[in-house]
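Scroll down for the structure; my scribbles are underneath it.
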Amino acid sequence: MAAIGHVALFAILSVVWSAKPVPLPTPKPVEVSLVDDVALDQQA
């Protein structure tokens with residue numbers, strides 16, 4: 000009985016490990032501006 004359980008466990012783990020991994024979502028790029036601090040103030 001233990002041998003059957005071990006074979007079943009090995010089969011399940013083999014299927015899980017060989018499954019295609021879910022791709023991670025790619026984050027949207029952040030826009031960066033290299034400017035002086037003076038330019039960051041809004042003009043009225």
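With numbering that gives the first Met the number 0 applied, the sequence shown covers 0 to 43.
Glycine is no exception: its CB is placed at the ideal position from the N, C-alpha and C atoms.
- Rounded to the nearest whole angstrom, the CA to CA distance from I11 to A1 is 15 Å.
- It is roughly 41 Å from the alpha-carbon of V15 to the alpha-carbon of V31.
- Going by DSSP, V31 is part of no alpha helix (DSSP H) at all; its letter is neither H nor E.
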